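Chemist:
Residue numbers (the working numbering): 201 to 471.
1. Taking only three categories from DSSP, how would you classify residue 222?
2. Would you say residue 296 lies against chain C (beta-carbon separation less than 8 Å)?
3. Starting from the C-beta of residue 313, find all residues in its chain whose C-beta is less than 6 Å away, skip the five residues before and the five after it, and write them out in chain order.
4. Using 8 Å as the cut-off, can you tell me whether the region 234–251 makes contact with the region 398–408, which would need three or more C-beta pairs spanning the two stretches below that distance?
5. Take residue 295 and list the residues in its own chain whose beta-carbon comes closer than 7 Å to its own, dropping the five residues that flank it on each side.
6. Can you confirm whether the region 402–417 touches the region 374–387 when touching is taken to mean that 3 or more C-beta pairs between the two stretches lie within less than 8 Å?
7. Sorted by chain position, which residues of the same chain lie with C-beta nearer than 7 Å to residue 321's C-beta, five sequence neighbours on each side aside?
8. Thinking C-alpha only, which one of 218, 371, 332 is nearest residue 391?
9. With a threshold of 8 Å, are at least 3 pairs of Cβ atoms found where one atom belongs to the region 435–450 and the other to the region 362–370?
10. Residues in its own chain within less than 7 Å of residue 419 by CB, not counting five upstream and five downstream?
11. Per DSSP, which one or two residues make a beta bridge with residue 303?
12. List, from N- to C-terminal side, the beta strand (DSSP E) runs of 3 residues or more that fit wholly inside the region 408–433.
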């Protein structure tokens with residue numbers, strides 16, 4: 201049985217929907233803190249179970265009978281919270297006799313900024329647990345950068361403004377990352393692997409050009425300093441510092457096709 205946590209989140213839902221095209225619904229269990237929010241999955245034959253990273257007993261029940269578990273990282277970004285919660289989940293998986301854990305980590309978890317420390321700690325906990333594991337080091341979602349709102353604003357104003365420092369981004373869509381997770385959950389040969397899941401590199405100049413081409417209206421990229429980035433300064437600092445500038449072919453290999461490109465994203469946003 202495949203057990204997927206975090207199924208009411210965007211990534212977890214994509215994974216479950218893809219798994220339903222690959223395995224019978226009876227072979228899946230979907231875990232949520234509030235199972236009622238996943239009632240539609242239960243209606244389709246999926247075993248919906250309650251699981252809360254703060255409640256060890258709920259995880260013991262949620263992981264019962266699991267061959268493989270997708271441990272979607274906790275949304276709690278309080279320093280230390282994720283590592284503690286993930287440790288509880290790993291202990292529960294071990295007690296339940298789970299065959300393999302697939303964990304959604306983050307790119308550069310062991311060498312990146314301090315906010316990634318909980319991912320690095322979780323990876324270490326997995327190594328020390330004795331469980332077979334696969335680590336998916338997911339990049340940031342392209343959907344955060346390119347979406348109907350940002351594209352519409354660019355078309356309206358004729359420019360897209362960002363403090364990117366002229367650096368490339370290796371973001372990936374939620375859908376692509378979810379499909380890759382489903383591949384790893386159902387495939388063989390992923391035991392002990394660690395994948396750096398990054399999309400094709402793109403720049404804000406290329407984004408502006410794609411919006412122009414798809415909308416038929418001229419759009420240019422205007423770079424601004426970090427001091428003008430406002431609420432988005434934290435992510436912009438990562439971008440301009442080159443955090444997202446390193447490519448990887450791991451996502452493309454798992455998908456068996458190129459990752460979704462920037463022009464496809466723009467086309468979807470305009471639609």
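Each residue gets a CB set at the ideal place from its N, CA and C atoms; glycine is no exception. Keep in mind the model is a prediction, meaning the values are calculated, not measured.
Modeler: In brief:
1. coil
2. You won't find chain C in this structure, because it holds only one protein chain.
3. none
4. no
5. 260
6. no
7. 283
8. 332
9. yes
10. 354, 355, 358, 359, 360, 408, 411, 412
11. 271, 335
12. 420–423
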